[in-house]
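Respectively, the protein sequence lines represent chains A and B.
Numbering-wise (our numbering), the first sequence opens with residue 1 and increments by one.
Numbering-wise (our numbering), the second sequence opens with residue 1001 and increments by one.
The beta-carbon is built from N, C-alpha and C at its ideal position, and this holds for glycine as well.
Before any comments, here is the structure.
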Amino acid sequence: MKLVSYMSQWRGIAKEAMDRTAIAVKFLCCLHITDTYFCSPTHVYGPSMLPTLNMVGDIVLVEHVSQRLGKVRHGDLVVIRSPLDPKRCLTKRIMGMEGDTVTYFDPMLGDATRVAVVPKGHVWIQGDNIFASHDSRHFGPVPYGLIQGKVFFRVWPLDCLGVPGQ
Amino acid sequence: MLSKAMGFRNLGPLGLFAKEGLEKAFSLGKFFCFLHVTDTYLVTFVVTSGPSMLPTIDLIPTMFLGERISTRFGKVTRGDIVIIRSPQNPRKLIAKRLVGMEDDTVTYISNPDEPDKQETIVVPKGHVWIQGDNAYKSNDSRNFGAVPYGLIQHRLFWRVWPIKGFGPFWKH
Chain A
1 MKLVSYMSQW RGIAKEAMDR TAIAVKFLCC LHITDTYFCS PTHVYGPSML PTLNMVGDIV
61 LVEHVSQRLG KVRHGDLVVI RSPLDPKRCL TKRIMGMEGD TVTYFDPMLG DATRVAVVPK
121 GHVWIQGDNI FASHDSRHFG PVPYGLIQGK VFFRVWPLDC LGVPGQ
Chain B
1001 MLSKAMGFRN LGPLGLFAKE GLEKAFSLGK FFCFLHVTDT YLVTFVVTSG PSMLPTIDLI
1061 PTMFLGERIS TRFGKVTRGD IVIIRSPQNP RKLIAKRLVG MEDDTVTYIS NPDEPDKQET
1121 IVVPKGHVWI QGDNAYKSND SRNFGAVPYG LIQHRLFWRV WPIKGFGPFW KH
């Protein structure tokens, strides 16, 4: 008799645990969809985008709609997967779309300005801080398919709240 | 249950209809969320067509199962057939065989009509070298160079359609 009462108690607890897990899973699925297709927060850091983004780290909102619709263009701040290390994402500015001729200047290679043509399906990315940025001037144009999203709003630090400057 | 019936009596039949519609929409939404997560992280159906992977993959539309677990953990190796986003057109997905990983030295024939002219290249860091099995009709790394690893979407591991080819699909 005691065994039967134990089993019925356990069944009640198990059912409640399953219900709570189901709710948690549904919530995480919804969060994931929003993250992937609409908007997600990202922590960005490093000196390559000074003075637009701070070195110690900013939290920005990244939207994933424009790159899917092909509405990313010249001058946009984007989060892009690194062509050298697929596990890392970089935040840089687009300085050339496919078919553009890009004129760039690399302080580490002397004073000469160089010219490059961006091939089909690729973009040219550069950090705003040309003295401390590892970008297309070093590894060449990157395929458009590596763009993860466009940065459109900064939420932290609070005194820099708003759209990051042009 | 009685209080619930009394609460919705005020809205009338239209209110009940709207409530049911909303509930159905939510279940559909939850189902799509779950499907999407499985699609993105685990397994999805992939349909290929075209001559660039003959004789391994037929010309007609063929359906495969593609998984994303190996690609996310970097466990894709030489010889795997992968779905990769085209570096020339970001809206196109292409199916090719992975021939070289980063830091490999790849020797290839850029023009199959001249089999004596071989070229050698070292695959840069973070990139892979892909080639179609049909050297005559394949637009691959021999044309557009090594592609960044980040463009790999799925790894094909099971053929689903046509039925006579149903079964495991690795290490061909």
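*Please work out which residues of its chain come closer than 6 Å, Cβ to Cβ, to B:A1135, disregarding the five sequence neighbours upstream and downstream, and give them in chain order.*
If we look at B:A1135 and ignore the five residues flanking it on each side, its Cβ neighbours are P1112.
*Classify B:Q1088 as helix, strand or coil using the three-state DSSP reduction.*
B:Q1088 carries a coil assignment under DSSP once its states are collapsed to helix, strand and coil.
_Is it buried or exposed, A:R88, if we count other Cβ atoms within 10 angstroms and call 16 or more buried?_
Result: exposed.
*Can you pull the chain B residues whose beta carbon is under 7 Å from the beta carbon of A:L84, in chain order?*
Chain-order list of chain B residues neighbouring A:L84: K1125 and G1126, by C-beta distance under 7 Å.
*Could you tell me whether the stretch 148-162 of chain A touches the stretch 125-140 of chain A, where touching means 3 or more Cβ pairs closer than 8 Å?*
These segments do not touch.
_Alpha-carbon to alpha-carbon, B:E1102 and B:P1124_ = Using only the alpha carbons, I get a separation of about 6 Å.
*Between the Cα of B:P1090 and the Cα atoms of B:S1027, B:L1016, B:S1138 and B:G1150, which residue gives the shortest distance?*
For the set B:S1027, B:L1016, B:S1138 and B:G1150, the Cα lying nearest the Cα of B:P1090 is the one of B:G1150.
*Going along chain A in order, which residues have a C-beta closer than 7 Å to the C-beta of B:Q1088?*
K120 and G121, listed in chain order.
*Taking only beta-carbon atoms, is A:G99 less than 8 Å away from chain B?*
It does not: the Cβ of A:G99 has no partner Cβ on chain B nearer than 8 Å.
*asked:* Less than 8 Å between CB atoms is the rule here; does B:V1037 satisfy it with respect to chain A?
replied: Any Cβ of chain A closer than 8 Å to the Cβ of B:V1037 would place that residue at the interface, and such an atom is present.
*asked:* If distances are taken between C-alpha atoms only, which option among A:M18, A:G75, A:A116 and A:S8 comes closest to A:F139?
replied: Considering only alpha carbons, the answer is A:A116.
*Which stretch, first to last residue, makes up the beta strand (DSSP E) that contains B:L1065?*
For B:L1065, the enclosing beta strand (DSSP E) stretches over residues T1062 to E1067.
*Taking just the CA atoms, how far does A:G165 sit from B:W1129?*
Between the alpha carbons of B:W1129 and A:G165 lies a gap of roughly 39 Å.
*Would you identify the three-state DSSP class for B:I1163, choosing helix, strand or coil?*
Here B:I1163 sits in helix by DSSP.
*Output the boundary residues of the beta strand (DSSP E) element that contains B:G1100.*
Note, B:G1100: beta strand (DSSP E), L1093 to G1100.
*Identify the contact partners of A:I13 in chain B, using a Cβ-Cβ distance below 9 Å as the criterion.*
Residues of chain B whose Cβ lies closer than 9 Å to the Cβ of A:I13 do not exist, since the nearest Cβ in that chain is about 24 Å away.
_Helix, strand or coil at A:H74 according to DSSP, with G and I counted as helix_ = A:H74 falls in the coil class under three-state DSSP.
*Do the stretch 1039-1051 of chain B and the stretch 1150-1160 of chain B touch if we need at least three Cβ pairs shorter than 8 Å?*
With the cut-off at 8 Å, the stretch 1039-1051 of chain B and the stretch 1150-1160 of chain B touch.
*Measure from the alpha carbon of A:V78 to the alpha carbon of each residue in A:L84, A:S66 and A:D85, then state which is nearest.*
Minimum Cα distance to A:V78 is reached at A:S66.
*If contact means a Cβ-Cβ distance below 9 Å, which residues of the stretch 55-75 of chain A contact chain B?*
Answer set for the stretch 55-75 of chain A: Q67 and G70.
*With A:C39 as the anchor, note down where its alpha helix (DSSP H) starts and where it stops.*
Judged by DSSP secondary structure, A:C39 falls outside any alpha helix (DSSP H) and instead within the beta strand (DSSP E) spanning C39 to V44.
*asked:* Let me confirm a value: B:S1110 is counted as buried when at least 16 other C-beta atoms fall within 10 Å, else exposed. Which label applies?
replied: B:S1110 is exposed by the Cβ-count criterion.
*asked:* With a threshold of 8 Å between beta-carbons, can B:G1066 be considered close to chain A, or not?
replied: No - not a single Cβ of chain A is within 8 Å of the one on B:G1066.
*asked:* Any beta carbon from chain A within less than 8 Å of B:P1148's own beta carbon?
replied: The Cβ of B:P1148 sits closer than 8 Å to at least one Cβ of chain A.
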